[in-house]
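J.:
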Ligand code: TXA
Ligand code: MG
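In my numbering, the protein residues as written are 25 to 364.
(1) Quick test of your reading: residue 339 and residue 323, contact by CB under 8 Å. State the CB separation rounded to the nearest angstrom.
(2) I'd like the span of the alpha helix (DSSP H) that includes residue 272, first residue to last.
(3) So, at 6 Å on beta carbons, what are the nonlocal neighbours of residue 68 in its own chain, with the 5 sequence-adjacent residues on each side left out?
(4) Roughly how many angstroms lie between the CA atoms of residue 77 and residue 283, to the nearest whole one?
(5) For residue 280, tell me which candidate among 337, 88, 227 has the shortest Cα-Cα distance.
(6) Kindly indicate which three-state DSSP category residue 198 falls into: helix, strand or coil?
(7) Counting pairs of Cβ atoms below 8 Å between the segment 269-280 and the segment 158-167, do you hit three or more?
(8) Over what stretch of residues does the beta strand (DSSP E) that includes residue 206 continue unbroken?
(9) Taking C-alpha atoms, which residue in 42, 48, 106, 346 lies nearest to residue 310?
(10) Are residue 124 and residue 101 close, meaning C-beta to C-beta below 8 Å?
(11) Measuring from the CB of residue 203, is there a heavy atom of the ligand MG at a distance below 7 Å?
(12) Does the beta-carbon of residue 75 have 16 or more other beta-carbons within 10 angstroms, so that it is buried, or is it exposed?
(13) Could you check whether the segment 209-216 touches the segment 226-233, counting it as contact only if at least three pairs of C-beta atoms, one from each stretch, sit closer than 8 Å?
(14) For the segment 257-270 against the segment 143-156, do three or more pairs of beta-carbon atoms, one drawn from each stretch, fall closer than 8 Å, so that the two count as touching?
(15) What span of residues does the beta strand (DSSP E) with residue 110 cover, start to end?
(16) Taking the Cβ atom as the reference point for each residue, do residue 356 and residue 265 lie within a distance shorter than 8 Å?
(17) Looking at the strands, I want to know which residues DSSP matches up with residue 89.
(18) What does a CB cutoff of less than 7 Å around residue 40 pick up in its chain, not counting 5 residues either side in sequence?
(19) Say yes only if the C-beta of residue 324 is nearer than 7 Å to one or more non-hydrogen atoms of the ligand TXA, and no if none qualify.
(20) How far does the beta strand (DSSP E) with residue 28 in it reach, from first residue to last?
(21) Using a threshold of 7 Å, is the CB atom of residue 250 nearer than that to any non-hydrogen atom of the ligand MG?
(22) Going residue by residue through the segment 44-78, where are the continuous beta strand (DSSP E) segments of at least 3 residues, counting only ones entirely within it?
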């Protein structure tokens with residue numbers, strides 16, 4: 025299959041992406057978090073092609089993307105008041121709300137669960153493509169399963185060329201880590217995956233939010249987790265990663281002392297000069313977690329184009345969007361973590 029690269033500024037490009045989706049094809053689409061691998065969420069066969077293109081385990085459900093709030097009715101069994109308040113505060117935006125699903129959601133989307141995740145993205149191209157398709161769009165991150173997520177159209181082409189109908193190039197993703205996944209399907213609100221909306225922001229609207237164990241710890245294959253995606257090795261470049269957490273200056277000292285010949289480094293900007301002779305990718309200053317979120321997946325993916333055999337990565341603390349960046353880095357490291 026020849027994968028088309030569509031530019032939203034070209035006449036007819038958005039309509040073409042919408043028509044491909046409406047016809048049951050898979051299309052890579054930009055969102056403010058990461059690129060998504062989209063298909064008609066109400067078409068079981070179309071959704072199954074997403075799993076094939078990604079090599080994604082069938083027990084990992086997909087998020088359904090909508091272009092306007094009212095599209096949520098019909099996709100979920102009910103819209104509780106808490107969901108409405110969250111939506112008022114943070115939609116459109118990088119947040120996915122898990123609710124009991126409506127019957128029209130195919131099993132392939134919900135992976136057999138009784139719930140579905142809904143997200144209203146803020147990216148104008150994402151919303152235009154969903155509107156042009158005329159249907160809700162199921163979309164996981166547009167990476168091969170297990171690899172770092174994709175935050176540019178070039179990343180999507182790296183993983184998906186020849187496997188999907190088209191990629192819409194909306195430029196680099198602004199947030200850079202995936203949406204926050206919050207479940208309102210149980211007794212209490214529960215954070216299943218940290219992301220672009222921080223835990224502090226959720227609690228400002230909902231009051232106390234439980235944090236799923238899988239956010240901070242490695243979960244064994246035999247354990248049932250609330251967000252199935254959180255148990256898989258994930259976000260990983262080919263070279264093994266060590267996440268270095270704690271005081272940034274001490275972390276830089278630790279890395280400088282432990283580097284071997286073919287090690288690479290992901291570090292905060294102010295420490296870039298500490299590792300001469302090594303491949304170094306900076307992700308923003310230690311106190312700029314938004315910059316780190318924006319840069320982290322590109323940095324992880326970049327090492328696959330080098331001969332680096334091991335990667336040390338400086339990890340931010342758990343405040344704000346740092347919780348999401350730290351979660352992605354720890355998972356990329358397979359929870360091989362050094363606390364300094
Ligand atoms: O920012 C994002 O959320 C991106 C863009 C494309 O919107 N999408 C994304 O999808 O990250 P994906 O499939 O890579 O990650 C979705 C996560 C997985 O961990 C999955 O297990 C969880 O959300 N999830 C989806 N539906 C769920 C459900 N019904 N119950 C619990 N967890 C769910
Ligand atoms: Mg993903």
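Backbone N, C-alpha and C fix where the C-beta goes; we use that ideal spot for every residue, glycine too.
T.: Taking the structure as given:
(1) Your numbering for residue 339 matches position 315 in the chain shown. Your numbering for residue 323 matches position 299 in the chain shown. With a Cβ gap of about 12 Å, residue 339 and residue 323 do not count as contacting.
(2) For the purposes of this step, residue 272 is identified with residue 248 of the chain shown, where counting begins at 1. 272-282 is the extent of the alpha helix (DSSP H) around residue 272.
(3) As a first step, residue 68 is located in the chain shown; it is residue number 44 there, counting from the start. If we look at residue 68 and ignore the five residues flanking it on each side, its Cβ neighbours are 130, 132.
(4) If you number the chain shown from 1, residue 77 lands on position 53. If you number the chain shown from 1, residue 283 lands on position 259. Roughly 37 Å between the two C-alpha positions.
(5) Taking the first residue of the chain shown as position 1, residue 280 is located at position 256. When each option's Cα is compared against that of residue 280, the closest is 337.
(6) What you label residue 198 is simply residue 174 of the chain shown in a count that begins at 1. In the structure shown, residue 198 sits in coil (DSSP, three-state: anything other than H, G, I, E or B).
(7) no
(8) Residue mapping note: residue 206 aligns to position 182 of the chain shown, counting from 1. Residue 206 -> beta strand (DSSP E) spans 204-207.
(9) By one-based count along the chain shown, residue 310 stands at place 286. Cα-wise, what sits closest to residue 310 is 346.
(10) On the chain shown, position 100 is the one that residue 124 refers to. On the chain shown, position 77 is the one that residue 101 refers to. A contact, by the Cβ cut-off of 8 Å.
(11) Residue mapping note: residue 203 aligns to position 179 of the chain shown, counting from 1. Checking the Cβ of residue 203 against the ligand MG gives no.
(12) Here residue 75 refers to the residue found at position 51 of the chain shown. Answer is buried; the Cβ neighbour count reaches 16.
(13) yes
(14) no
(15) What you label residue 110 is simply residue 86 of the chain shown in a count that begins at 1. Unbroken run through residue 110 is the alpha helix (DSSP H), 105-114; no beta strand (DSSP E).
(16) Within the chain shown, the letter at position 332 stands for residue 356. Within the chain shown, the letter at position 241 stands for residue 265. Yes, Cβ-Cβ distance for residue 356 and residue 265 is below 8 Å.
(17) Here the question's residue 89 lines up with position 65 in the chain shown. Answer by DSSP bridge pairing, in chain order: 143, 161.
(18) On the chain shown, position 16 is the one that residue 40 refers to. These residues qualify, in order along the chain: 30.
(19) Along the chain shown, read from residue 1 onward, the residue named residue 324 stands at position 300. No, the Cβ of residue 324 stays beyond 7 Å of every heavy atom of the ligand TXA.
(20) As a working note, residue 28 is residue 4 in the chain shown. 28-30 is the span of the beta strand (DSSP E), which, as asked, contains residue 28.
(21) By 1-based counting over the chain shown, the position of residue 250 is 226. No - the ligand MG has no heavy atom lying nearer than 7 Å to the Cβ of residue 250.
(22) 51-53, 60-64
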